[in-house]
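Here the protein sequences line up with chains A and B, keeping their order.
Counting in the numbering used here, the first sequence runs from 535 upward without gaps.
Counting in the numbering used here, the second sequence runs from 912 upward without gaps.
The beta-carbon is built from N, C-alpha and C at its ideal position, and this holds for glycine as well.
Because the structure is a prediction, the values reported are computed rather than measured.
Read the structure below first, then the notes.
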Amino acid sequence: MLRRYEMYSIDPAAPPAAVRHLADAFRLCGRFIPEVLDSAIGTNLSDAPVRLVWEHAYESPAAYQRYMVHPFHACILDRALLADSPERIVTSNDLNAGLVGYACDTPVYRLRAGVRRLVLLDVADDAVPDAVGALTDAVGQGTGGIDGLAVSVVAANTMASAWMDGVTPITGRPQWSHVWEQGWDSLAAFEAYRDGASALADAERRSWEGVAGGIVRKAASVHYRLLSAD
Amino acid sequence: MTAYIVDTIQVRPDDLGSYVDLVHDVAVPVMTGAGATFVSCLATSPALGEDVDLQVTWSFRDHVEWNEIRKNLVLDRAWHDLARRAAALRTGGTRRFFYPTEAKG
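This is the structure in structure tokens:
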């Protein structure tokens, strides 16, 4: 499977109806493009410079490639997104996370309701596989006792550079090399973790300093209440 | 099949010449370089006391070809520059895709 996120900042002058139209087009995309699975949106609650987040998935790269050439994609979604479209309502931002995602064997990301959080990680290029594995292990072990955390997936951000076919990188290394996707039962549960005393929360507050040999150079995150098509 | 992408944009009458020049001098080489075909650039009269409607049409074979064109554009710095310059000149507009029709008769 391919798990995929798009994150956008919105022009403050954009008509509210146009913003709603884009959000609805994302949320309901699976009704028009059956290959789009688990489509949901949210309004970012973190201080990262994005507002609208669209999360979804595909059964396979072939399914993703059918999405790419579907008229709904070109006609409805891109109308508000492409840089040269007269109806563009999104803007550039310095998060550099317009498109992120990863490959997975099963829908490990699935969350029916609650709060989604995506932590973006910039892992050093020269980090050895053992260190990346240690980071993944540290997150995996650290999430064991955290109340309200229903989903936790750490993966390499492969979609950012393979946006054409879901497999083949066509652009350089993305700013965010890895993602840590979380699903929370509630906003209160996430906030309790964020402000709590767990080793992971402490590591996040310290910008991952020292974790897995200090391979995380930078981190950012978005979180939002999940609004799905169901 | 041939499909069409039609941008209908509004510009102030004083900006019509600049926008038309931008289409012919920049957009045509960028878009055709990416694989699209230039069809037309039509405008309403600038002497009507209102913003001018300008309709720019490109064609391509189908959405598979458009996807390739789109990729080429996104990877082309000149297209991003073009987008910024065009946005600064227009006051509004729409983008629609059109397809051939056939009479049932």
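- The Cβ atoms of Ile623 (chain A) and Val666 (chain A) do not sit closer than 8 Å to each other.
- Note on geometry: alpha-carbon atoms of Ser732 (chain A) and Arg613 (chain A) lie some 44 Å from one another.
- Only residues of its own chain outside the window of five on either side were considered, and among them Val553, Arg585, Leu586, Ile623, Val624, Thr625 have a CB closer than 8 Å to the CB of Ile544 (chain A), listed in chain order.
- Following the DSSP letters along the chain, one finds His607 (chain A) in no alpha helix (DSSP H), marked with neither H nor E.
- The beta-carbon of Leu953 (chain B) is placed no less than 8 Å from the nearest beta-carbon of chain A.
- The segment 627-646 of chain A makes no contact with the segment 939-953 of chain B, as fewer than three CB pairs between them are under 8 Å.
- The Cβ atoms of Val745 (chain A) and Glu715 (chain A) lie no closer than 8 Å to each other.
- Pairwise C-beta distances place the segment 640-657 of chain A in contact with the segment 703-715 of chain A, as three or more of them are shorter than 8 Å.
- Three or more pairs of CB atoms, one per stretch, sit closer than 8 Å, so the segment 986-1002 of chain B contacts the segment 922-931 of chain B.
- Neighbours of Ser543 (chain A) in chain B, taken as residues whose beta carbon is under 7 Å from its own, are absent, since the nearest beta carbon is some 15 Å off.
- Around the beta carbon of Phe1009 (chain B), fewer than 16 other beta carbons lie within 10 angstroms, which makes this residue exposed.
- Close to chain B, meaning a Cβ-Cβ distance shorter than 9 Å, are the following residues of the segment 613-639 of chain A: Arg613, Leu616, Ala617, Asp618, Ser619, Pro620, Glu621, Arg622.
- Residue nearest to Gly747 (chain A) within the set A:Thr670, A:Gly635, A:Ile610, A:Pro620 is A:Thr670 (criterion: CA-CA distance).
- Interface criterion met: the Cβ of Arg1001 (chain B) is under 8 Å from a Cβ in chain A.
- Chain A has no Cβ within less than 8 Å of the Cβ of Thr913 (chain B).
- Contacts with chain B at 8 Å (Cβ-Cβ) do not include Cys563 (chain A).
- Taking 8 Å as the cut-off, the beta carbon of Leu721 (chain A) is found no closer than this to the beta carbon of Ala574 (chain A).
- Contact check for Ile567 (chain A) against Tyr601 (chain A) passes: the beta carbons are separated by less than 8 Å.
- Within chain A, the residues whose beta carbon sits less than 9 Å from that of Trp990 (chain B) are Ala617, Asp618, listed in sequence order.
- Going by DSSP, Asp964 (chain B) is part of the beta strand (DSSP E) stretching over 963-971.
- Considering only B:Thr1012, B:Ala989, B:Leu933, the residue with the shortest C-alpha distance to Cys952 (chain B) is B:Leu933.
- With respect to the C-alpha of Asp962 (chain B), the residue from B:Asp987, B:Ala954, B:Gln921 having the closest C-alpha is B:Gln921.
- In the DSSP annotation of this structure, the continuous segment of the beta strand (DSSP E) that includes Lys752 (chain A) starts and ends at 750-759.
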